[in-house]
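J.:
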Amino acid sequence: MLDAREVARRSNDAFNAQDWTALAQLLCDHVEYLAPGNAVYRGVDGVRDFAANWWAAFPDVRASVHRVTGEGSTVIQEGTFTGTHQGVFRTPTGTIPPMGRRVRGTYVAVLTVEQGRLARQHMMFDRLELLEQLGLVQPVAQPPVGRRTWAS
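The C-terminal position of the sequence shown is numbered 153 in our numbering, with every residue numbered one higher than the one before it.
1. Nearest by alpha-carbon distance to residue 71: which of 126, 20, 110 is it?
2. Could you tell me whether the region 91-107 touches the region 3-11, where touching means 3 or more Cβ pairs closer than 8 Å?
3. According to DSSP, simplified to helix, strand and coil, what is residue 6?
4. Spatial neighbours of residue 29 within its chain, please: CB distance less than 7 Å, with the 5 preceding and 5 following residues excluded, ordered by chain position.
5. Please tell me whether residue 69 and residue 15 are closer than 8 Å, where the distance is taken between their beta carbons.
6. With residue 85 and residue 103 assumed to form a contact (beta carbons below 8 Å), what rounded beta-carbon distance in angstroms separates them?
7. Does the region 72-79 come into contact with the region 126-144, if we say contact requires no fewer than three beta-carbon pairs (one atom in each stretch) closer than 8 Å?
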């Protein structure tokens, strides 16, 4: 039986290779993926929808893991995702037509493994930053260097 870190590594490798067969073999029947925007994908078919959406919208998508921590059945991955928006991207608030822009963002994923299979993945990333990079939202203005901010 695979340990939690190995399941996390293999699931990331399968996602990057866009290898649905390899990814599906790592999933529990009752798997649940949680993503920003209160998106919930349940079961193997739900995870297939999640992965297919990213692969179609960003054909060159890649998730690069920079740090892995965990204990027992829980693994936390910190990483960066990159890709070029070349297809329709389905989001919880609607679809985004291809913008042709390259994106790069950081993410944290908390994975739970049961009996050598992925049971839950909770992915967190900055949706606003992604929308800014796609050109759909104006970037938030940064205060001039040395100036006080509202939190000062």
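Just so it is clear, CB atoms sit at the ideal spot from N, CA and C, and this is done for glycine as well.
T.: Quick look at the numbers:
1. In the sequence shown, residue 71 corresponds to position 70, counting from 1. With distances taken between Cα atoms, residue 71 lies closest to 110.
2. The region 91-107 makes no contact with the region 3-11; the number of CB pairs closer than 8 Å stays below 3.
3. Taking the first residue of the sequence shown as position 1, residue 6 is located at position 5. In the structure shown, the three-state DSSP call for residue 6 is helix.
4. In the sequence shown, residue 29 corresponds to position 28, counting from 1. Within the same chain, residue 29 has close Cβ partners 115, 118, 119, 120.
5. Here residue 69 refers to the residue found at position 68 when the sequence shown is read from its first residue. Here residue 15 refers to the residue found at position 14 when the sequence shown is read from its first residue. No, the pair does not count as a contact, with Cβ atoms beyond the cut-off.
6. What you label residue 85 is simply residue 84 of the sequence shown in a count that begins at 1. What you label residue 103 is simply residue 102 of the sequence shown in a count that begins at 1. Taking the Cβ atoms as the reference, residue 85 lies roughly 5 Å from residue 103, within the contact range of under 8 Å.
7. No: the two stretches stay apart, fewer than three of their Cβ pairs being nearer than 8 Å.
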